[in-house]
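Trainee: Protein chains in written order, with our numbering: chain A, 6 to 113; chain B, 5 to 117. Ideal Cβ positions, reconstructed from N, Cα and C, are used throughout, including at glycine.
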């Protein structure tokens, strides 16, 4: 079955430190993966998707098919990055499967 | 540009009461979804509609029904609310092609007492 795991419920880092939010998936076929972010009191929004290979707000994510991972990285965390982050998998174009989420807290 | 609009934003129900959550999108999207968000469990799919006239169960459909009223609107009904349905509900939509992103509504916070 298609599944997305995010092992960390909460990740705390200091401002300026590197951050990595982990995501692993199980999927038969070629996966289409996304990161969504939910800032406080805002609706979920797309942060990035692997197919576009773009960097949004300094975040990048590389698909590693061998390790079935799609970890989200940023070299220098900012306080405004504090939010809930969800890794998601496009389930054969029918729907999305989301991971449980990681709350990132960037400390001053 | 409204995007995805959900109503109501907040609701408190007593056990056994019924209610309908409304969702509408103005982006001419084919696919619409209902998710619930619970701490530690992320977003779980309740029902989805890949196109007008079709609906399918997701991961957690029990206790819910849906109606794809037309291409714009997709409602979620709780026939007999239970405390386990206390959650934040999100409606989402997308055009439908693979790798298209989801657009989310602002959510409905539902408490069942």
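1. How is residue 76 of chain A classed by DSSP in three states: helix, strand or coil?
2. Less than 7 Å between the beta carbons of residue 42 of chain A and residue 52 of chain A, yes or no?
3. Suppose contacts are defined by Cβ-Cβ distances below 7 Å. Is residue 107 of chain B in contact with residue 39 of chain B by that definition?
4. Apply the 10 Å Cβ neighbour rule to residue 44 of chain A and answer buried if 16 or more other Cβ atoms are within range, or exposed otherwise.
5. Spatial neighbours of residue 61 of chain B within its chain, please: C-beta separation below 7 Å, excluding the five flanking residues on both sides.
6. Using a Cβ-Cβ distance under 7 Å, would residue 51 of chain A count as near chain B?
7. Please report the distance separating the alpha-carbon of residue 74 of chain B from that of residue 81 of chain A.
8. Out of curiosity, what's the CA-to-CA distance linking residue 71 of chain B and residue 59 of chain B?
9. Could you give the DSSP three-state label for residue 63 of chain B: helix, strand or coil?
10. Identify whether residue 84 of chain B lies in helix, strand or coil by the three-state DSSP scheme.
11. Looking at the structure shown, is residue 86 of chain A part of a helix, part of a strand, or coil, going by DSSP?
12. Would you call residue 19 of chain B buried or exposed, if buried means 16 or more other Cβ atoms sit within 10 Å of its Cβ?
13. Looking at chain B, is there any beta carbon in it that lies within less than 7 Å of the beta carbon of residue 75 of chain A?
Mentor: Put simply:
1. Residue 76 of chain A sits at position 71 when you count from the first residue of the first chain. Note: residue 76 of chain A maps to strand in three-state DSSP.
2. Reading the first chain from its first residue, position 37 is the one you call residue 42 of chain A. Reading the first chain from its first residue, position 47 is the one you call residue 52 of chain A. Yes.
3. What you label residue 107 of chain B is simply residue 103 of the second chain in a count that begins at 1. What you label residue 39 of chain B is simply residue 35 of the second chain in a count that begins at 1. Not a contact, by the Cβ cut-off of 7 Å.
4. Indexing the first chain from 1 puts residue 44 of chain A at position 39. Classification for residue 44 of chain A: exposed.
5. Indexing the second chain from 1 puts residue 61 of chain B at position 57. Excluding positions up to five away in sequence, the list reads 51.
6. Translated into the one-based positions of the first chain, residue 51 of chain A becomes position 46. Yes, because at least one Cβ of chain B sits closer than 7 Å to the Cβ of residue 51 of chain A.
7. Taking the first residue of the second chain as position 1, residue 74 of chain B is located at position 70. Taking the first residue of the first chain as position 1, residue 81 of chain A is located at position 76. When rounded, the distance between both Cα atoms is 46 Å.
8. For the purposes of this step, residue 71 of chain B is taken as residue 67 along the second chain, with counting starting at 1. For the purposes of this step, residue 59 of chain B is taken as residue 55 along the second chain, with counting starting at 1. If you take the alpha carbons of residue 71 of chain B and residue 59 of chain B, they lie about 8 Å apart.
9. Here residue 63 of chain B is taken as the residue at index 59 of the second chain, counted from 1. Coil at residue 63 of chain B, not helix or strand.
10. Taking the second chain and counting its residues from 1, the one referred to as residue 84 of chain B is at position 80. Three-state result, residue 84 of chain B: coil.
11. As a first step, residue 86 of chain A is located in the first chain; it is residue number 81 there, counting from the start. Residue state, collapsed to three classes: helix.
12. Looking up residue 19 of chain B in the second chain gives position 15. Exposed, by the Cβ-count rule.
13. In the first chain, the residue the question calls residue 75 of chain A occupies position 70. With its beta carbon at least 7 Å from every one in chain B, residue 75 of chain A lies outside the interface.
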